[in-house]
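The numbering used here applies: residue 8 is where the sequence shown begins, and numbers increase by one. Just so it is clear, CB atoms sit at the ideal spot from N, CA and C, and this is done for glycine as well. On a predicted model such as this, the values are computed, not experimentally measured, just so you know. Structure first, then comments.
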Amino acid sequence: MTPNERNMASSSERSALIGSGSVYALASAAPVLSTLFITPLVTRVFSPENYGLIAMTITLYQVGGVLLGFGMSAAITRHALISNSGRPGAAALVITNSVFSFFLAAVAALIVVLSGYEVIPTYTPALFVGACISSAAFASLTGCLALLRADQAVKKFVMFSVVASLGGPLTGLSAVLLVSSSPVTYVFALAVVQTLVAAVAILECLRKGSVVWCLSDQIAAIKFGLPTLPHQIAPSAMVTSLVLIVAVMRGPVPAGQLQIGLLLANGIVVILGALNNAWAPLIYKAEPSERIGLLSRTSWVVSGAIVFLAAIFSASVGVLAPLIAGALAGDDVVHRIAVIGASGGILAVYYLANIHLVFLTGNTTMLALTTPLAALFATGTVVWLTTSLMLPLECIALVLPLYNCLQILSASILRRATGLGAPSLSPLIPNSLFSGAFLVSALLFTVDSWTLWISIGVIALSAGFYNRAILRNTELERHG
Numbered sequence: 008m009t010p011n012e013r014n015m016a017s018s019s020e021r022s023a024l025i026g027s028g029s030v031y032a033l034a035s036a037a038p039v040l041s042t043l044f045i046t047p048l049v050t051r052v053f054s055p056e057n058y059g060l061i062a063m064t065i066t067l068y069q070v071g072g073v074l075l076g077f078g079m080s081a082a083i084t085r086h087a088l089i090s091n092s093g094r095p096g097a098a099a100l101v102i103t104n105s106v107f108s109f110f111l112a113a114v115a116a117l118i119v120v121l122s123g124y125e126v127i128p129t130y131t132p133a134l135f136v137g138a139c140i141s142s143a144a145f146a147s148l149t150g151c152l153a154l155l156r157a158d159q160a161v162k163k164f165v166m167f168s169v170v171a172s173l174g175g176p177l178t179g180l181s182a183v184l185l186v187s188s189s190p191v192t193y194v195f196a197l198a199v200v201q202t203l204v205a206a207v208a209i210l211e212c213l214r215k216g217s218v219v220w221c222l223s224d225q226i227a228a229i230k231f232g233l234p235t236l237p238h239q240i241a242p243s244a245m246v247t248s249l250v251l252i253v254a255v256m257r258g259p260v261p262a263g264q265l266q267i268g269l270l271l272a273n274g275i276v277v278i279l280g281a282l283n284n285a286w287a288p289l290i291y292k293a294e295p296s297e298r299i300g301l302l303s304r305t306s307w308v309v310s311g312a313i314v315f316l317a318a319i320f321s322a323s324v325g326v327l328a329p330l331i332a333g334a335l336a337g338d339d340v341v342h343r344i345a346v347i348g349a350s351g352g353i354l355a356v357y358y359l360a361n362i363h364l365v366f367l368t369g370n371t372t373m374l375a376l377t378t379p380l381a382a383l384f385a386t387g388t389v390v391w392l393t394t395s396l397m398l399p400l401e402c403i404a405l406v407l408p409l410y411n412c413l414q415i416l417s418a419s420i421l422r423r424a425t426g427l428g429a430p431s432l433s434p435l436i437p438n439s440l441f442s443g444a445f446l447v448s449a450l451l452f453t454v455d456s457w458t459l460w461i462s463i464g465v466i467a468l469s470a471g472f473y474n475r476a477i478l479r480n481t482e483l484e485r486h487g
């Protein structure tokens, strides 16, 4: 491998990826801020029973929003960047996605209202109607955001995401305080705001260009998107099933500890997902002859970002875990679950580097099988090992790194099937080791120990010197 084949990104590529990715991270932070600051207010306004109804509605609309989207978001971004009809064709997909989402949501709501059937005892049809409206708005907005991502309209992407995530709950809370303290009031205020945001987002997408309708485009997008539904749902289903299994086998307290720990562990993946909003379009738009090299170079940039995220995570998890878990923190159990689970996040870059090429070719059919199987195998293996060997609760968090390893394997196989070349990922290994070292330090040492901070400092300096040396050598060779 020649020095240039080490695939270090140019400064412009780094700026495009990290700059846009950092702004996209604001959109990812909005739901977290809502959970941290608005949800505690809502839980205090309502009784536990009424908040339980609201929580069920939120869960229903989040799941429904994914299902009603038919996996079209990835299809829309890809279509805008590489298909013959380009952005005008993608705009047509946005409209189709929105119309079908609201139509199917209306049918589901109408069936429940006319039948008078209570989906769950005490869960009224009115609440279900609110969930259906929010689901359709969620699916519609997701399609719009996919087109804005292709347009690289980063600020508008973030604006719509933040308003939907924070504006809905804040409006719902205000309506409850000013109008009626009924769960239905909160749910419908939430639905109205989300529908308005989706409508404005659609208008913004249509304002920027023409619309080209083509039946073959619509069919191709559905064929591309549908297999990604199980792919999208599998990770959350894996975590939910593990929490339920632990609740049955070990009780509600360990289940709560596991849920909070895995939520914290997912922090690195959430930010990486935000970075991916800038990464995927960069790869799609590249010239075919340059795409593999660009993917290799930008993968190294992403691995460097993960080093930074791992350092922040290791320094903060010791404070965040007891703060969020409260009485459930339980002798650092939640802390250890979070750290062990976060190790899966540092592996995700290897998966993404391969799966970008799979999405690029449109061969998504096998994802409907490989991702659920990876989740099922990881869940079964971890439950069997922890049960048969009587391992402590935190060992269940190994499900995340195991799942990601399986995903890397399947993505690599699927990428080979596309016939495209392999990105060079060996330069990522040192950064992955640095990230792992941060997590090991957080696992071994407590936040009030100087040893933790010395370890983090030494690892950070080592990672900084290493990456700086690589960049310097690469720049010298380019100009030499």
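- Would you call the segment 369-377 and the segment 431-449 in contact, with 3 or more CB pairs under 8 angstroms? Cβ pair count under 8 angstroms is below three, so no.
- Message: Please report the straight-line C-alpha distance between Ala228 and Gly426, rounded to a whole angstrom.
- Response: The count along the sequence shown starts at 1 and reaches residue 228 at position 221. The count along the sequence shown starts at 1 and reaches residue 426 at position 419. The C-alpha of Gly426 is placed about 22 angstroms away from the C-alpha of Ala228.
- Assuming Ser321 contacts Ser448 under a Cβ cut-off of 8 angstroms, what Cβ separation, rounded to an integer in Å, is found between them? Taking the first residue of the sequence shown as position 1, residue 321 is located at position 314. Taking the first residue of the sequence shown as position 1, residue 448 is located at position 441. Contact holds; Cβ gap of about 6 angstroms.
- Query: In chain order, which beta strand (DSSP E) runs of at least 3 residues are fully inside the segment 379-421?
  - Reply: none
- Message: Please report the distance separating the alpha-carbon of Ser54 from that of Gly179.
- Response: If you number the sequence shown from 1, residue 54 lands on position 47. If you number the sequence shown from 1, residue 179 lands on position 172. Their backbone Cα atoms lie some 16 angstroms apart in a straight line.
- Near Gln201, what residues of its chain come up, given a Cβ to Cβ distance below 6 angstroms and the 5 sequence neighbours on each side ignored? By one-based count along the sequence shown, residue 201 stands at place 194. Setting aside the 5 residues that flank it on each side, Gln201 is surrounded in the same chain by Ser141, Ala144, Ala171 and Gly175, each with a C-beta closer than 6 angstroms to its C-beta; the list follows chain order.
- Message: Please report the distance separating the alpha-carbon of Val73 from that of Asn104.
- Response: Looking up residue 73 in the sequence shown gives position 66. Looking up residue 104 in the sequence shown gives position 97. If I take the Cα positions, the gap works out to 12 angstroms.
- Once you ignore the five residues that flank Met245 on each side, which residues in its own chain have a CB closer than 6 angstroms to its CB? On the sequence shown, residue 245 is found 238 positions in, with the first residue counted as 1. Ala382 and Thr386, listed in sequence order.
- Item | Ala278 to Ser323 span [Cα, whole Å] | Within the sequence shown, the letter at position 271 stands for residue 278. Within the sequence shown, the letter at position 316 stands for residue 323. Going by the sequence as given, residue 278 is Ile instead of Ala. Straight-line Cα distance between these residues: approximately 15 angstroms.
- Item | Beta-carbon proximity of Leu154 to Ala97, cut-off 7 angstroms | Locating residue 154 in the sequence shown gives position 147, counting from the first residue. Locating residue 97 in the sequence shown gives position 90, counting from the first residue. Yes, the pair counts as a contact, with Cβ atoms nearer than the cut-off.
- Whether Ala157 touches Ala87 by CB criterion (7 angstroms): The count along the sequence shown starts at 1 and reaches residue 157 at position 150. The count along the sequence shown starts at 1 and reaches residue 87 at position 80. Yes.
- Supposed close pair Leu60, Tyr130 - CB separation, criterion 8 angstroms: By 1-based counting over the sequence shown, the position of residue 60 is 53. By 1-based counting over the sequence shown, the position of residue 130 is 123. The beta-carbon distance between Leu60 and Tyr130, rounded to whole angstroms, is 6 angstroms. This is short enough to meet the 8 angstroms contact definition.
- Can you grab the Cα-Cα spacing for the pair Ile477 / Trp307, in whole Å? Here residue 477 refers to the residue found at position 470 when the sequence shown is read from its first residue. Here residue 307 refers to the residue found at position 300 when the sequence shown is read from its first residue. Cα to Cα, the separation comes out at about 11 angstroms.
- Message: Taking the alpha helix (DSSP H) that Ile275 belongs to, which residues open and close that run?
- Response: One-based indexing of the sequence shown puts residue 275 at position 268. First-last of the alpha helix (DSSP H) with Ile275: Gly274 to Lys292.
- Best match in Ile118, Val314, Asn361 and Val365 for proximity to Gly232 [C-alpha to C-alpha]: Taking the first residue of the sequence shown as position 1, residue 232 is located at position 225. Considering only alpha carbons, the answer is Val365.
- Do you know offhand how far Ile25's Cα is from Ser442's? On the sequence shown, position 18 is the one that residue 25 refers to. On the sequence shown, position 435 is the one that residue 442 refers to. Their backbone Cα atoms lie some 18 angstroms apart in a straight line.
- Taking all protein chains shown into account, do 16 or more other C-beta atoms lie within 10 angstroms of the C-beta of Leu100, making it buried, or fewer, making it exposed? Within the sequence shown, numbered from 1, the residue matching residue 100 stands at position 93. So Leu100 ends up on the buried side.
- Message: If distances are taken between C-alpha atoms only, which option among Val106, Val207, Lys230 and Gln266 comes closest to Val406?
- Response: Counted from its first residue, the sequence shown places residue 406 at position 399. When each option's Cα is compared against that of Val406, the closest is Gln266.
- Query: Should the segment 351-361 be regarded as contacting the segment 212-225, the criterion being three or more beta carbon pairs within less than 8 angstroms?
  - Reply: no
- Under the rule that 16 or more other beta-carbon atoms within 10 Å means buried, what is Leu121, buried or exposed? For the purposes of this step, residue 121 is taken as the residue at position 114 of the sequence shown. Flag for Leu121 reads exposed.
- Measure the Cβ-Cβ separation of Val30 and Val165 and say whether it is below 7 angstroms. Stepping through the sequence shown from its first residue, residue 30 is reached at position 23. Stepping through the sequence shown from its first residue, residue 165 is reached at position 158. A contact, by the Cβ cut-off of 7 angstroms.
- Task: Tell me whether Thr235 sits in a helix, a strand or coil according to DSSP, three-state version.
- Result: Residue numbering aside, residue 235 sits at position 228 when the sequence shown is read from its first letter. Of the three classes helix, strand and coil, the one that applies to Thr235 here is helix, per DSSP.
- Nearest CA to the CA of Tyr410: which residue from Trp391, Gly352, Ile466 and Ser439? As a first step, residue 410 must be located in the sequence shown, where it is residue number 403. Considering only alpha carbons, the answer is Gly352.
- Mark Leu251 as exposed unless 16 or more other C-beta atoms lie within 10 angstroms of its C-beta, in which case mark it buried. Residue mapping note: residue 251 aligns to position 244 of the sequence shown, counting from 1. Label assigned to Leu251: exposed.
- Query: Looking only at C-alpha atoms, which of Met256, Phe445 and Gly71 sits nearest to Phe135?
  - Reply: Taking the first residue of the sequence shown as position 1, residue 135 is located at position 128. Nearest of Met256, Phe445 and Gly71 to Phe135, Cα basis: Gly71.
- Contact under 7 angstroms by Cβ, Leu446 with Ser350: Here residue 446 refers to the residue found at position 439 of the sequence shown. Here residue 350 refers to the residue found at position 343 of the sequence shown. Against a cut-off of 7 angstroms, the Cβ pair of Ser350 and Leu446 comes out as a contact.
- Going by other Cβ atoms of all chains shown within 10 Å of its Cβ, with 16 needed for buried, is Val465 buried or exposed? Indexing the sequence shown from 1 puts residue 465 at position 458. Its Cβ having fewer than 16 others within 10 Å, Val465 is exposed.
- Task: Would you decide whether Ala470 is buried or exposed? Buried here means 16 or more other CB atoms lie within 10 Å of its CB.
- Result: The residue labelled residue 470 in the question sits at position 463 within the sequence shown. Classification of Ala470: buried, given that the 10 Å Cβ count is 16 or more.
- Item | Tyr193 to Arg51 span [Cα, whole Å] | Locating residue 193 in the sequence shown gives position 186, counting from the first residue. Locating residue 51 in the sequence shown gives position 44, counting from the first residue. Taking the straight line from one Cα to the other gives about 14 angstroms.
- With DSSP run on the structure shown, which of helix, strand or coil describes Val218? Taking the first residue of the sequence shown as 1, we reach residue 218 at position 211. Of the three classes helix, strand and coil, the one that applies to Val218 here is coil, per DSSP.
- Task: Using three-state DSSP, classify Val253 as helix, strand or coil.
- Result: Residue numbering aside, residue 253 sits at position 246 when the sequence shown is read from its first letter. Of the three classes helix, strand and coil, the one that applies to Val253 here is helix, per DSSP.
- Using the C-alpha atoms, what's the distance from Leu289 back to Ala262? What you label residue 262 is simply residue 255 of the sequence shown in a count that begins at 1. What you label residue 289 is simply residue 282 of the sequence shown in a count that begins at 1. Straight-line Cα distance between these residues: approximately 40 angstroms.
- Compute the Euclidean distance between the alpha carbons of Arg479 and Phe472, then round it to the nearest angstrom. Looking up residue 479 in the sequence shown gives position 472. Looking up residue 472 in the sequence shown gives position 465. Distance between the alpha carbons of Arg479 and Phe472 is about 10 angstroms.
- Message: Output needed for Leu111: all residues of its chain with C-beta closer than 8 angstroms, excluding positions within five of it in sequence on either side, in chain order.
- Response: In the sequence shown, residue 111 corresponds to position 104, counting from 1. Leu75 and Ala143.
- Query: With distances taken from CA atoms, which of Leu380, Lys230 and Ser108 is nearest Ser417?
  - Reply: Walking along the sequence shown from the start, residue 417 turns up at place 410. Closest option to Ser417, Cα to Cα, is Leu380.
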